[in-house]
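Undergrad:
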Amino acid sequence: MRIVHTPDSSRHDPEHYMRRGAPIPHPEQAARYTILRDAALRGGHDLAEPADHGLEPIRAVHDPDYVAFLAEAWARRGEIPDIGDEILTGSFARPQMHRKPAGLLGRLGLYTADTSTPIRAGTWAAVYGSAQCAVAAADAALAAGHAYALCRPPGHHAYADSAGGFCFLNNSAIAAERLRAATGGPVAILDIDVHHGNGTQGIFYARADVLTVSVHADPADYFPFFAGYADETGTGAGAGFNRNLPLPPGSGDAPWLAAVEAGLAAIAAHRPWALVVALGLDAAADDPIGALAVTRAGFAGAAERIARAGLPTALVQEGGYLCAALPDNLAAFLAAFDAAR
Ligand code: OKP
Ligand code: ZN
């Protein structure tokens, strides 16, 4: 398996975020990059760093002003009196608020959904490099059949113009749009992260050319709370092109794999020309912020089923947090995918 990664992924190093009213150590730690990379190395995969395709593939799914804001925010930090190691706000625009304030903190409140995406010295380098990994994996999937992008930070909670849930740029959406443009045919995204891929759904919700399918823990009492319900099926030209498969908290391999199969059946019915897998590993039983109980055999089973779809496939890393099973689950997924191809 071609693995695309960049050491720049380590440069975003958030320390804390607010969870249930109190600051806790941030789960999306820089060490995730080295741990996932080393798991891929041990598996004998072929590691490469991405070429730089610039901002164009990023702007193909994101609002240009939002992208410029992310790129420039750290350089503008002096506008905030007594700024420390990060730019963060506690004031967020509500959906009915559309003004675009000139100041840095107001702009940040317009462009972020929560406190989990502080902007620090290396944030843009990591976010940009992560997006380039997604682009490179999409290109490699067309050239070689499949590839894995070790994207950190993750991306599936990022909308066209907002960060949130540890995510800044939507790497899976960037890969999907790259595949759609290159093939000229419809493409599909299967998101198996334990959290609903709300940003990805939002980006493609009115489009028929990118089918979005997400398998996740029921958002009724779990992040991202405000999207991910089964009755969200797309709008306008995109009606019928979004599918959500929420599962009760605590669900294990059998219901999870059944949902993955249902998602793959929906994808097959739409006859896409390529597939993006938003590969979160946080459905694992011992994930520190997870809500499901998937085992290593479950991840291998999902990989086998996805590989058998036989589509050019870009695997894009999403969540999956520090626990003993994390590297093993990635290794098992990649090995099972290779074996089934
Ligand atoms: C990212 B991915 C708001 C943040 C709540 C966010 C979880 C993000 C998971 N205070 N928690 O899908 O693995
Ligand atoms: Zn997640």
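Each position in the sequence shown, counted from 1, maps to that position plus 706 in the working numbering. C-beta: ideal position from N, C-alpha, C; glycine also.
Look at the Cβ atom of PRO1018, then the Cβ atom of HIS852, and state whether they are nearer than 8 Å.
TA: Sequence index remark: in the sequence shown, residue 1018 carries index 312 (1-based). Sequence index remark: in the sequence shown, residue 852 carries index 146 (1-based). Judged by beta-carbon spacing, HIS852 lies within the 8 Å limit of PRO1018, meaning their Cβ atoms are closer than that value.
Undergrad: Could you tell me which residues DSSP pairs with PRO729 in its beta bridges?
TA: Taking the first residue of the sequence shown as position 1, residue 729 is located at position 23. BP columns for PRO729 point to MET724.
Undergrad: For VAL1000, which three-state DSSP category applies?
TA: On the sequence shown, position 294 is the one that residue 1000 refers to. Strand, per DSSP.
Undergrad: According to DSSP, is LEU716 part of a helix, a strand, or is it coil?
TA: Stepping through the sequence shown from its first residue, residue 716 is reached at position 10. Here residue 716 is Ser; the residue named in the question, Leu, does not match the sequence. In this structure, SER716 counts as helix in the three-state DSSP scheme.
Undergrad: In whole angstroms, what is the alpha-carbon distance linking CYS1029 and LEU1036?
TA: The count along the sequence shown starts at 1 and reaches residue 1029 at position 323. The count along the sequence shown starts at 1 and reaches residue 1036 at position 330. The alpha-carbon atoms of CYS1029 and LEU1036 are separated by roughly 12 Å.
Undergrad: Enumerate in chain order the residues of its own chain whose CB-to-CB distance from ALA1006 is below 6 Å, with the five nearest sequence positions on each side excluded.
TA: Numbered from its first residue, the sequence shown carries residue 1006 at position 300. Counting only Cβ-Cβ distances below 6 Å, and skipping sequence neighbours, we find ALA1038 and ALA1042.
Undergrad: Measure the CB-CB distance between THR829 and TYR723 and report whether it falls below 8 Å.
TA: Along the sequence shown, read from residue 1 onward, the residue named residue 829 stands at position 123. Along the sequence shown, read from residue 1 onward, the residue named residue 723 stands at position 17. No, they are not a contact pair.
Undergrad: Please report the Cβ distance between ALA936 and ASN950, rounded to the nearest whole angstrom; I am assuming they are in contact, meaning their Cβ atoms lie under 8 Å.
TA: Your numbering for residue 936 matches position 230 in the sequence shown. Your numbering for residue 950 matches position 244 in the sequence shown. Between ALA936 and ASN950, the beta carbon gap of about 5 Å places them in contact (Cβ cut-off 8 Å).
Undergrad: Taking the alpha carbon of ALA774 as the point to measure from, which residue in PRO994, LEU963 and PHE874 has its own alpha carbon closest?
TA: Within the sequence shown, residue 774 is the residue found at index 68, counting from 1. Closest in alpha carbon position to ALA774, among PRO994, LEU963 and PHE874, is PHE874.
Undergrad: Please look up how many angstroms separate the CB atoms of ALA869 and TYR817, rounded, as I've assumed it's under 8 Å.
TA: Locating residue 869 in the sequence shown gives position 163, where the first residue counts as 1. Locating residue 817 in the sequence shown gives position 111, where the first residue counts as 1. The C-beta separation of ALA869 from TYR817 comes to about 6 Å, placing the pair in contact by the 8 Å criterion.
Undergrad: Where ASP845 and ASP1034 are concerned, what is the direct C-alpha to C-alpha distance, given to the nearest angstrom?
TA: On the sequence shown, position 139 is the one that residue 845 refers to. On the sequence shown, position 328 is the one that residue 1034 refers to. Answer to the nearest angstrom: the Cα atoms are 27 Å apart.
Undergrad: If you reduce the DSSP assignment to three classes, tell me which class SER920 lands in.
TA: As a working note, residue 920 is residue 214 in the sequence shown. Strand.
Undergrad: Out of GLY940, ALA965, LEU848 and ILE895, point me to the one whose CA is closest to GLY1004's CA.
TA: The residue you call residue 1004 lines up with position 298 of the sequence shown. That would be ALA965, whose Cα lies nearest to the Cα of GLY1004.
Undergrad: Kindly examine the ligand OKP and report whether one of its heavy atoms sits closer than 7 Å to the Cβ of MET707.
TA: Position 1 of the sequence shown, counting from 1, holds the residue named residue 707. No, the Cβ of MET707 stays beyond 7 Å of every heavy atom of the ligand OKP.
Undergrad: Is ASP744 buried or exposed, if buried means 16 or more other CB atoms sit within 10 Å of its CB?
TA: Reading the sequence shown from its first residue, position 38 is the one you call residue 744. It counts as exposed.
Undergrad: Around the Cβ of ASP988, are there at least 16 other Cβ atoms within 10 angstroms (buried) or fewer (exposed)?
TA: Working through the sequence shown from its first residue, we reach residue 988 at position 282. Counting Cβ neighbours within 10 Å, ASP988 comes out buried, since at least 16 surround it.
Undergrad: Do VAL1000 and the ligand ZN come close, with the Cβ less than 7 Å from some heavy atom?
TA: Indexing the sequence shown from 1 puts residue 1000 at position 294. No, the ligand ZN has no heavy atom inside 7 Å of this Cβ.
Undergrad: Under DSSP, the beta strand (DSSP E) around LEU1021 begins and ends at which residues?
TA: Within the sequence shown, the letter at position 315 stands for residue 1021. First-last of the beta strand (DSSP E) with LEU1021: 1019–1023.
Undergrad: For THR740 and ARG708, what's the separation of their Cα atoms in angstroms?
TA: The residue labelled residue 740 in the question sits at position 34 within the sequence shown. The residue labelled residue 708 in the question sits at position 2 within the sequence shown. Between THR740 and ARG708, the C-alpha separation is close to 17 Å.
Undergrad: For the ligand ZN, any of its heavy atoms closer than 7 Å to the Cβ of VAL900?
TA: In the sequence shown, residue 900 corresponds to position 194, counting from 1. Yes, the ligand ZN has a heavy atom inside 7 Å of this Cβ.
Undergrad: So, at 8 Å on beta carbons, what are the nonlocal neighbours of PRO729 in its own chain, with the 5 sequence-adjacent residues on each side left out?
TA: Here residue 729 refers to the residue found at position 23 when the sequence shown is read from its first residue. Hits under 8 Å: HIS722 and TYR723.
Undergrad: Since I believe ALA1046 is in contact with ARG1014 (beta carbons under 8 Å), could you give me their beta-carbon distance rounded to a whole number of angstroms?
TA: Locating residue 1014 in the sequence shown gives position 308, counting from the first residue. Locating residue 1046 in the sequence shown gives position 340, counting from the first residue. The pair is a contact, with the Cβ atoms about 6 Å apart (cut-off 8 Å).
Undergrad: Less than 8 Å between the C-beta atoms of ALA866 and ILE825, yes or no?
TA: As a working note, residue 866 is residue 160 in the sequence shown. As a working note, residue 825 is residue 119 in the sequence shown. Against a cut-off of 8 Å, the Cβ pair of ILE825 and ALA866 comes out as no contact.
Undergrad: Between which two residues does the alpha helix (DSSP H) containing TYR739 stretch?
TA: Here residue 739 corresponds to residue number 33 of the sequence shown, with the count starting at 1. Element bounds for TYR739: 737–748.
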